[in-house]
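Engineer:
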Amino acid sequence: MISRKAIQPLPDKLISQIAAGEVIERPSAVVKELLENAIDAGAQAIEIRLEEGGCQRIVISDDGEGILKTDLTLALTRHATSKISSLEDLESVRSMGFRGEALASIASVSNMQMTTRTAQDDHAWSITNRSPEITPASGEFGTRISVDDLFFNTPARRKFLKSSATEYSHCMEAIRRIALANPHVGMSVWHNGKPNIRWTASKLQDRADEILGKEFANARLDIESFLGPISIEGFIGAPTASRARSDQQYIFVNHRFVKDKLIYHAIKSAYQDVLHGDRQPIILFNLNIDPELVDVNVHPAKIEVRFRDSRAVHQFVYNSIKERLAKGAGDALPMSAQTPHFDTSLPLNQMNASSSTTPQVMPRPWLYQEKTASFNLQSSAKEAMQQLFSTPLTPMAPPHETGHKEESFPLGYALAQLHGIYILAQNQLGLVLVDMHAAHERVLYEKFKADLSHQINVQHLLVPMVFNASHMETVLTQQYASTLKILGFDTSVYGPEQLGIRTVPTILSGADPIDLVRQILAELDEMGSNEILDSARHERLASKACHAAVRAHRLLTIPEMNSLLRQMEVTDRADQCNHGRPTWVQLSVNDLDKLFLRGR
Ligand SMILES: Nc1ncnc2c1ncn2[C@@H]1O[C@H](COP(=O)(O)OP(=O)(O)OP(=O)(O)O)[C@@H](O)[C@H]1O
Ligand SMILES: [Mg+2]
């Protein structure tokens, strides 16, 4: 019998350490949590002191409301918070914190000391995570928390820390995010005993210019718009000041820094006409939204949010930016005549309503495009599949019609097709069996690859093929527009959940473009984040496309089979399919004789 350990509840400290694993990834996460607490406490000035990039020491002092002596022990206790006390509170939360977990998590992986004084206290009180004792201390109004030797008791985590310079830069990024979200709060940063930064309380524009520098100051266009329960305020960058990376995109939702794919997508779409696909605009804005219309309890570190009505938010952000770009940059912006223009007067009051009402906020031009283009979706798909086999496989006459002998061609001439899978052919040696789809895929792929090495020949579709796509597909299309183009698919986003295809690679022009694009997007999703792909990965995508192109079974005519055999003969590596299996086998007359015990 296998010996089995008894089930036991985990000790409290271990639970906190497990929770810390999610939230406290590195020193910058401690900095973020402590700063958020200071902001929640109404601080007007915050001082941050770091040693060795925060690995050795993080001390954050604020002038906020402080903590009562009677609450001090609870502040370090897991699942204890002053910020919410019911589900309703959670659903309308405006504070940065609400999980009541951050301090307990940090305390479980460091040596922590907290000194605090409220307006009622004559002096400060201090507590550490090593003893339950609360001792009188000297200190100003507000709270000072020091975190020493982070991860000293979780060596596995500690091992993942990078150089102190790297950790310091992560800390600085966390600090910048909070500073940009709270320009009214003065902040100073010290590193290894030296003063590094001092930001006085100011307006967003001044704080942003100070943090993001000259490039931003010269490029910023202020943006302000509102619609019902949602508003946007801040700056967007002029297209001329775009960057190769998205490192200057600061998006806040109710002053919380977030990484939100939906908003990124809305931004990219809005810049689509004025920015080359792989360039990134500078962005700094806060999206103010009724807290009941956004769920902030989605991610342990609260970096993601979920909107009740994501489509309405998308449209609002898209419209706001698009309109601002049209207004601000004048001649520099070649706004195309077909630029979708959305009616922003549409009510947004259904944002908290059920999704059945959302079509009302669907931008009209998208619906229009869907109608005009949908005819070429259904009707052409079947034809296209037929073309796939007839175009590249130009029918060839069998030998008896041309006077050729079998030996003229190594793979001989087709006799028949078996179960729609195999071609039976006769050559001088005997019988050739060809795995039709594997062989065809190989032939296409080798051509594709040869094209890929210089430039893919493309065929323009008469009308862009517009189709409904998932949100993920639109996001991927946006992200990998240039990759798709390299592969011959000029594809772009027509709406939050609509894509349009304008060109397809000529060699795959017979296949269903939508299916091909979908396959490639699925593969891109799997391959992951890097937007710039090397040629090996382009080839992998090409291979995926070829696979998709020949998937559908169809009976070939004898001339088509012969055409495939001829193409195999002139294609490199045609003996194996893309997965290394053989595409054909030879059975000599001798082999066949043996099967029948002939000649023994
Ligand atoms: N700098 C501070 N000033 C005043 N009170 C604070 C400060 N830091 C923490 N507190 C108090 O300690 C409590 C626990 O803080 P902690 O960060 O662990 O949880 P939280 O902020 O409530 O939620 P979350 O885990 O989401 O951050 C807070 O609810 C708050 O009452
Ligand atoms: Mg907190």
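Numbering follows my numbering, in which position 191 of the sequence shown is assigned residue number 191; successive positions increment by one, without gaps. Note that beta-carbon positions come from the ideal geometry of N, C-alpha and C, so glycine has one too. Nothing here was measured: the structure is a model prediction, and the numbers come from that model.
(1) Using the rule of at least 16 other Cβ atoms within 10 Å of the residue's Cβ for burial, across every protein chain shown, is K162 buried or exposed?
(2) Using only the alpha-carbon positions, how far apart do E523 and V589 sit?
(3) Along the alpha helix (DSSP H) that carries Y271, what are the first and last residues, could you check?
(4) With respect to 6 angstroms, is the separation between the Cβ of L295 and the closest non-hydrogen atom of ligand 1 below this value?
(5) For N286 and D222, what's the separation of their Cα atoms in angstroms?
(6) Give the secondary structure of F151 by DSSP, where H, G and I count as helix, E and B as strand, and everything else as coil.
(7) So what does DSSP say about D583, is it helix, strand or coil?
(8) Would you decide whether G500 is buried or exposed? Buried here means 16 or more other CB atoms lie within 10 Å of its CB.
(9) Taking the C-alpha atoms as reference points, what is the distance between N376 and T506?
(10) In three-state terms, what does DSSP make of H471?
(11) On the premise that E446 lies in contact with R598, defined as a C-beta separation below 8 angstroms, what is that separation, rounded to the nearest angstrom?
(12) Is E224 buried or exposed, if buried means 16 or more other CB atoms sit within 10 Å of its CB?
(13) Can at least three beta-carbon pairs, one atom from the segment 62–82 and one from the segment 250–267, be found at a separation below 8 angstroms?
(14) Got a sec? Which residues, its chain only, sit under 6 angstroms from I601 by beta carbon, not counting five neighbours each side?
(15) May I ask which residues mark the beginning and end of the alpha helix (DSSP H) holding Q17?
(16) Measure the C-alpha to C-alpha separation of R413 and D591 and round it to an integer number of angstroms.
(17) Hey, G234 and L275 are a contact pair by Cβ (cut 8 angstroms); roughly how many whole angstroms apart?
(18) If you count every other CB in all the chains shown that lies within 10 Å of the CB of A545, and 16 or more means buried, which is it?
(19) Would you call the segment 128–147 and the segment 106–120 in contact, with 3 or more CB pairs under 8 angstroms?
(20) Is A75 close to ligand 2? I mean its beta-carbon at under 6 angstroms from any heavy atom of the ligand.
(21) Taking the alpha carbon of F257 as the point to measure from, which residue in I24, N182, T81, Q17 has its own alpha carbon closest?
(22) Report all residues for which the CB-ligand distance to some heavy atom of ligand 2 is below 5 angstroms; order them along the chain.
(23) Which first and last residues belong to the beta strand (DSSP E) in which F252 is found?
(24) Rounded to whole angstroms, how far is the Cβ of I236 from the Cβ of I178, which I believe are closer than 8 angstroms?
(25) Taking only runs that begin and end inside the segment 74–139, name each unbroken alpha helix (DSSP H) of 4 or more residues, in chain order.
(26) On the DSSP bridge assignment, give the partners of M187 in chain order.
(27) Compute the Euclidean distance between the alpha carbons of W199 and E167, then round it to the nearest angstrom.
(28) Count the other C-beta atoms from every protein chain shown that fall within 10 angstroms of the C-beta of D40, then say buried if there are 16 or more, exposed otherwise.
(29) With DSSP as the reference, please indicate the residues paired to G500 in a beta bridge.
(30) Considering F448, what are the terminal residues of the alpha helix (DSSP H) in which it resides?
(31) Looking at the structure shown, is Q428 part of a helix, part of a strand, or coil, going by DSSP?
(32) Would you mind sorting H184 into buried or exposed? The rule is 16 or more other CB atoms within 10 Å of its CB.
(33) Alpha carbon to alpha carbon, what distance is there between V463 and D593?
(34) Report the residue from S535, R144, S82 whose alpha carbon sits nearest the alpha carbon of L484.
(35) Nearest-angstrom Cα distance between F596 and A416?
(36) Closest by CA to I134, which one among G100, S169, R94, L74?
Structural biologist: Put simply:
(1) The residue is exposed, with fewer than 16 neighbouring Cβ atoms inside 10 Å.
(2) 44 angstroms
(3) Residues 261–271.
(4) The identity of residue 295 in the sequence shown is Asp, whereas the question assumes Leu. Result no, Cβ not under 6 angstroms from ligand 1.
(5) The straight-line gap from Cα to Cα measures roughly 12 angstroms.
(6) coil
(7) It should be noted that the sequence gives Thr, not Asp, for residue 583. It is coil, neither helix nor strand.
(8) buried
(9) Because the pLDDT at N376 is just 28, under 50, the model does not fix this residue reliably, and the point stays unresolved.
(10) helix
(11) Rounded, the Cβ-Cβ distance is 39 angstroms, inconsistent with contact.
(12) exposed
(13) no
(14) Since the first and last residues shown for the chain are 1 and 600, residue 601 lies out of range.
(15) 12–23
(16) Contrary to the premise, residue 413 reads as Tyr rather than Arg in this sequence. Roughly 19 angstroms separates the two Cα atoms.
(17) About 18 angstroms separates the two Cβ atoms, so there is no contact after all.
(18) That one is buried.
(19) yes
(20) no
(21) N182
(22) N37, G97, A102
(23) 249–253
(24) Contact flag wrong, Cβ pair sits at about 21 angstroms.
(25) 87–91, 102–108
(26) I46, W199
(27) 21 angstroms
(28) buried
(29) For G500, DSSP records a beta bridge to V466, S492.
(30) 436–453
(31) In the three-state scheme derived from DSSP, where H, G and I count as helix and E and B as strand, Q428 is classed as coil.
(32) exposed
(33) Cα to Cα, the separation comes out at about 57 angstroms.
(34) For L484, the nearest C-alpha among the options comes from S535.
(35) 22 angstroms
(36) L74
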